[in-house]
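Structure first, then comments.
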Amino acid sequence: MEMNLAFVFPGQGSQYVGMGKTFLETVSDAAHVLSVAEEMTGLPLKKLCAEGPLEELTRVENLQPCLTAVEIICCMAAGDAGLKATAVAGHSLGEYPALWAAGVISLEDTFRLVHARGRLMKEAGDKNPGSMAAVVGLGRKELEELIVPLTKKGVLVLANHNSPDQIVVTGETDLVGDLCKKARAEGARAIPLKVSGAYHSPLMAEASGRFSEILDKISFFRPEIPIYSNVTARPESDPEKIKDLMKKQICSPVRWYEIVINMDRDGISNFIELGPKKVLGNLIRKCLPGRSVLVFQGEDTENLEACIRGIKGK
Numbered sequence: 085m086e087m088n089l090a091f092v093f094p095g096q097g098s099q100y101v102g103m104g105k106t107f108l109e110t111v112s113d114a115a116h117v118l119s120v121a122e123e124m125t126g127l128p129l130k131k132l133c134a135e136g137p138l139e140e141l142t143r144v145e146n147l148q149p150c151l152t153a154v155e156i157i158c159c160m161a162a163g164d165a166g167l168k169a170t171a172v173a174g175h176s177l178g179e180y181p182a183l184w185a186a187g188v189i190s191l192e193d194t195f196r197l198v199h200a201r202g203r204l205m206k207e208a209g210d211k212n213p214g215s216m217a218a219v220v221g222l223g224r225k226e227l228e229e230l231i232v233p234l235t236k237k238g239v240l241v242l243a244n245h246n247s248p249d250q251i252v253v254t255g256e257t258d259l260v261g262d263l264c265k266k267a268r269a270e271g272a273r274a275i276p277l278k279v280s281g282a283y284h285s286p287l288m289a290e291a292s293g294r295f296s297e298i299l300d301k302i303s304f305f306r307p308e309i310p311i312y313s314n315v316t317a318r319p320e321s322d323p324e325k326i327k328d329l330m331k332k333q334i335c336s337p338v339r340w341y342e343i344v345i346n347m348d349r350d351g352i353s354n355f356i357e358l359g360p361k362k363v364l365g366n367l368i369r370k371c372l373p374g375r376s377v378l379v380f381q382g383e384d385t386e387n388l389e390a391c392i393r394g395i396k397g398k
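Here the sequence shown stands for residues 85 to 398, where the numbers follow this note's numbering.
Encoded structure:
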């Protein structure tokens, strides 16, 4: 049966204490994944995922490997249930479990990378403080017109184009605050995000440079299935190009809206979000209004079974 199914992996912001509990306890390879993750990072990831506390779980240097472990185990559960991906994509951090799912990087290297990424992003955030906010209700062009005058004062850029009318801005905290005021004056909602830095902005340049040196030591392989890049929004197949794009990803905007549009254009008609909550699923529905696509959440057995029934019945 042709599934035309994309596995999609969320990024930071979808976490909660107890995430992935069902699969952490039932997937046969879950213990191996957590063992490798803890060996590569030196962190008590199983305890953090299961018990928190939330403040510790949410620390970027802890959160990135924790989320990655849960999402990889969810992916394993999907495979055990008979689901097979036609393509994969991940949002920001979620691009790393997507790379693993596509066979581009090994399990060990996946955790080496996300551990280093989280640590370097934390250090960059401490050194160059910044913030992020989601703006809902303005198109990209309208938001860019509000941003341009503020960029004369410092760093402020678009970070994530998540859906037609949800765009995340990132940069210096005062400028993000000024942009939020301008957006609200235009009738939009502007929601500050609970993050510890201005991710996907030039304020992460030092982290990006240091991370590039680590990436150079990692082996990347040709993907077994198409993986859509955050940076180009297109499927990429050359291992060295993918590695180069991952060097850019920390500072570059996440082009999620374009990724979803391109997946739909390329024949993907079913999506399953492998990780906690429904952040990406909700965005996909907003990106493809009126399209006959099915969107599922894959954090427990019941949802995986619903995905199988939905695809068979379509």
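Where a beta carbon is used, it is the ideal one built from N, C-alpha and C, also for glycine.
- Counting along the chain, the unbroken alpha helix (DSSP H) around Ile-368 starts and ends at 363-371.
- By the Cβ-count criterion, Ser-303 is exposed, with fewer than 16 other Cβ atoms from all chains shown falling within 10 Å of its own Cβ.
- Just so you know, the alpha carbons of Gly-394 and Arg-369 end up roughly 16 Å apart.
- Under DSSP, Gly-174 shares a beta bridge with Phe-93.
- Taking a contact as a CB-CB distance under 8 Å, the pair Leu-147 and Leu-138 does not count as one, their CB atoms being some 10 Å apart.
- In the structure shown, Met-205 adopts helical secondary structure according to DSSP, grouped into three states.
- The secondary-structure analysis by DSSP pairs Tyr-312 across a beta bridge with Ala-173, Pro-319.
- Closest in alpha carbon position to Asp-193, among Thr-125, Gly-104, Gly-95, is Thr-125.
- Take the alpha-carbon of Glu-308 and the one of Val-363: they are about 26 Å apart.
- Within the same chain, Cβ atoms closer than 6 Å to the Cβ of Phe-93 are found at Glu-155, Gly-174, Gly-178, Pro-181, Ala-182, Leu-358, Gly-359, the five residues on either side in sequence being excluded.
- Cβ atoms of Ile-356 and Gly-397 stay farther apart than 8 Å, at about 15 Å.
- With the rule of 3 Cβ pairs closer than 8 Å, the stretch 210-227 counts as touching the stretch 255-272.
- Straight across, the Cα-Cα distance linking Ser-313 with Lys-236 is about 30 Å.
- CA-to-CA, the gap between Asn-246 and Leu-227 works out to about 13 Å.
- No beta strand (DSSP E) of 3 residues or more sits fully in the stretch 144-169.
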